[in-house]
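Let me begin by presenting the structure, written as structure tokens, before commenting on it.
Residue numbers (our numbering): 38 to 498.
Structural data, given as structure tokens:
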């Protein structure tokens with residue numbers, strides 16, 4: 038009971054923040070079965086239910102409905118949270134009665150009615166004076182009910198007008214009913230001999246048939262009640278029980294969905310294995326939510342609502358340029374790695390065409406790393422930068438320096454670097470001897486680009 042009071046307190050807190058008094062408020066007349074609060078979403082009312090309940094239309098029903106939990110779930114007429122019989126709500130969660138005819142206690146001195154009670158509906162028997170009755174003795178008519186000091190009533194006959202001397206004289210006053218006793222001459226008036234009244238054993242009575250005395254034969258036999266009289270067949274799983282030919286027959290399924298199993302022992306509608314019940318509809322396990330690609334039916338997590346799919350489950354948000362989406366494990370579809378990072382020969386992403394846009398042919402996609410490595414440029418159609426290429430071995434990467442002793446260098450065709458600067462060898466004559474006989478030729482040093490200074494023969498030559 039403490040949980041229920043706490044839940045109702047929560048409802049008061051939730052409702053306090055919700056203005057539902059406006060004349061044009063869609064939530065004005067919706068109480069969500071007193072198990073939640075109504076709020077407006079996109080102009081339409083919607084129920085937000087407390088823990089343990091889920092919305093079905095504009096009502097809140099239990100996640101695990103069962104008779105005796107204190108909440109009148111679909112298929113239950115009442116639920117007072119106890120199993121006391123006769124208090125208006127039976128242990129089967131049906132009213133104790135439905136019509137006055139069910140309350141007949143066969144006492145002519147009580148007014149029998151099926152009245153509203155706190156828990157539902159129950160029979161009430163009120164003793165009343167003046168009601169017509171029959172004390173079984175035609176000699177005391179008219180008979181009427183008389184109140185007793187304790188508040189009960191009994192059938193009392195009037196003055197006995199049948200005088201007699203012998204029992205045989207009373208035979209003329211018999212009413213032909215062999216059940217209500219035989220008249221005997223008692224104290225000189227005809228009165229019913231109590232020992233001759235037929236009393237039928239009520240132990241075999243049912244809601245639809247009673248052990249009654251047959252006035253014509255004076256014997257007890259089972260007599261069927263009227264067809265259609267409400268009864269209880271003892272099976273909680275049947276929704277409507279009525280008498281038919283003296284037998285209580287149940288009809289209608291208390292658990293109407295094809296994926297529900299009715300448990301008559303625990304008095305609960307259980308969800309069949311492999312299914313969820315969402316918004317009052319059976320949903321097979323593994324079925325994705327139509328509103329969220331990262332939610333689906335997983336009974337182990339929640340048999341009465343959508344559950345989050347495992348992390349890394351594939352999903353789709355309809356956007357191509359944000360990459361392959363996956364679920365985050367909490368019910369949200371998150372983007373992956375963009376397929377068109379702006380780099381190299383990729384200029385961007387075309388969402389309309391679901392493609393990457395190639396960079397123009399003016400775009401340098403790989404810079405030069407040396408004099409023998411030319412920069413590469415995109416070709417304007419491919420998303421890939423051309424392969425890295427070097428200058429050929431015929432390409433002069435360093436010209437010969439002035440001075441006569443330097444040589445040009447050429448690329449190797451396999452390296453980005455120009456080969457080291459090299460000079461002519463010391464055997465190379467860089468200046469011939471001038472005519473006249475006193476000049477000598479000069480050779481390169483092998484370590485310098487400049488030919489040594491011009492030298493002449495000494496004076497002693």
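Positions of the beta carbon are idealized from the N, C-alpha and C atoms, including for glycine.
Beta-carbon proximity list for residue i, same chain, < 8 Å, skipping 5 on both sides
{"i": "residue 239", "result": "247 and 248"}
{"i": "residue 43", "result": "Because the pLDDT at residue 43 is just 39, under 50, the model does not fix this residue reliably, and the point stays unresolved."}
{"i": "residue 178", "result": "194 and 195"}
{"i": "residue 55", "result": "Unreliable placement is indicated for residue 55, whose pLDDT of 46 sits below 50; no coordinate value is reported for it."}
{"i": "residue 58", "result": "Bear in mind that a pLDDT of 45 at residue 58, under 50, signals an unreliable position, so the model cannot answer this."}
{"i": "residue 140", "result": "134, 149, 150, 151, 160, 161 and 162"}
{"i": "residue 197", "result": "174, 176, 177, 226, 227 and 228"}
{"i": "residue 400", "result": "382, 384, 414 and 415"}
{"i": "residue 242", "result": "248"}
Beta-carbon proximity check, residue i vs residue j, cutoff 9 Å
{"i": "residue 280", "j": "residue 257", "result": "no"}
{"i": "residue 346", "j": "residue 368", "result": "yes"}
{"i": "residue 215", "j": "residue 254", "result": "yes"}
{"i": "residue 372", "j": "residue 394", "result": "no"}
{"i": "residue 550", "j": "residue 218", "result": "With the chain covering only 38 through 498, there is no way to say anything about residue 550."}
{"i": "residue 426", "j": "residue 413", "result": "yes"}
{"i": "residue 428", "j": "residue 410", "result": "yes"}
{"i": "residue 210", "j": "residue 267", "result": "no"}
{"i": "residue 285", "j": "residue 270", "result": "yes"}
{"i": "residue 377", "j": "residue 363", "result": "no"}
{"i": "residue 422", "j": "residue 398", "result": "no"}
{"i": "residue 465", "j": "residue 481", "result": "yes"}
{"i": "residue 262", "j": "residue 287", "result": "no"}
{"i": "residue 366", "j": "residue 338", "result": "no"}
Member of the options whose CA lies at the smallest distance from the CA of residue i
{"i": "residue 403", "options": "129, 130, 383 and 391", "result": "383"}
{"i": "residue 518", "options": "429, 450, 455 and 424", "result": "The requested residue 518 is not part of the displayed model; the chain covers only 38 to 498."}
{"i": "residue 201", "options": "274, 194 and 222", "result": "222"}
{"i": "residue 80", "options": "145, 409 and 63", "result": "63"}
{"i": "residue 305", "options": "85, 65 and 113", "result": "113"}
{"i": "residue 111", "options": "203, 70, 127 and 142", "result": "70"}
{"i": "residue 467", "options": "341, 457, 489 and 447", "result": "489"}
{"i": "residue 396", "options": "407, 378 and 418", "result": "418"}
{"i": "residue 493", "options": "175, 483 and 479", "result": "479"}
{"i": "residue 483", "options": "72, 307 and 458", "result": "458"}
{"i": "residue 204", "options": "185, 226, 198 and 184", "result": "226"}
{"i": "residue 328", "options": "344, 336, 337 and 340", "result": "344"}
{"i": "residue 303", "options": "283, 333 and 272", "result": "272"}
{"i": "residue 334", "options": "432, 400 and 314", "result": "314"}
{"i": "residue 358", "options": "496, 387 and 366", "result": "387"}
Cβ-based burial, residue i [other Cβ within 10 Å; buried from 16]
{"i": "residue 252", "result": "exposed"}
{"i": "residue 475", "result": "exposed"}
{"i": "residue 99", "result": "buried"}
{"i": "residue 260", "result": "exposed"}
{"i": "residue 379", "result": "exposed"}
{"i": "residue 555", "result": "Because residue 555 is not part of the residues shown, which for the chain are 38 to 498, the question remains open."}
{"i": "residue 341", "result": "buried"}
{"i": "residue 462", "result": "exposed"}
{"i": "residue 172", "result": "buried"}
{"i": "residue 123", "result": "exposed"}
{"i": "residue 336", "result": "buried"}
{"i": "residue 187", "result": "exposed"}
{"i": "residue 385", "result": "exposed"}
{"i": "residue 167", "result": "exposed"}
{"i": "residue 157", "result": "buried"}
{"i": "residue 515", "result": "Residue 515 falls outside the range modelled here, since the chain spans only 38 to 498, and no answer is possible."}
{"i": "residue 127", "result": "buried"}
{"i": "residue 244", "result": "buried"}
Own chain, CB closer than 6 Å to residue i, minus 5 neighbours either side, in chain order
{"i": "residue 296", "result": "309, 312 and 319"}
{"i": "residue 289", "result": "276 and 277"}
{"i": "residue 97", "result": "69, 70, 72, 73, 84, 86 and 90"}
{"i": "residue 250", "result": "216, 235, 237 and 257"}
{"i": "residue 78", "result": "none"}
{"i": "residue 292", "result": "299 and 306"}
Cβ shell of residue i (< 7 Å), same chain only, five flanking positions each side left out
{"i": "residue 170", "result": "145, 146, 180, 181, 182 and 192"}
{"i": "residue 486", "result": "438, 440, 442, 443 and 460"}
{"i": "residue 452", "result": "409 and 427"}
{"i": "residue 93", "result": "316 and 317"}
{"i": "residue 230", "result": "218, 219 and 221"}
{"i": "residue 370", "result": "330, 331, 352, 354, 362 and 364"}
{"i": "residue 199", "result": "176, 207, 210, 226 and 227"}
{"i": "residue 420", "result": "382, 383, 393 and 395"}
{"i": "residue 470", "result": "476, 477 and 478"}
Residue i beta carbon near the ligand GDP (any heavy atom closer than 8 Å)
{"i": "residue 387", "result": "You won't find the ligand GDP in this model; it holds no ligand whatsoever."}
Counting Cβ pairs closer than 8 Å, one from the stretch 116 to 123 and one from the stretch 93 to 106, do we hit at least three?
-> In short, these stretches touch, since the Cβ pair count reaches three.
The stretch 89 to 102 touching the stretch 124 to 133, judged by at least three CB pairs closer than 8 Å = Taking 8 Å as the limit for Cβ pairs, the verdict is that the stretch 124 to 133 does not touch the stretch 89 to 102.
For the 8 Å Cβ check, are there 3 or more pairs between the stretch 158 to 174 and the stretch 317 to 329?
-> In short, these stretches do not touch, since the Cβ pair count stays below three.
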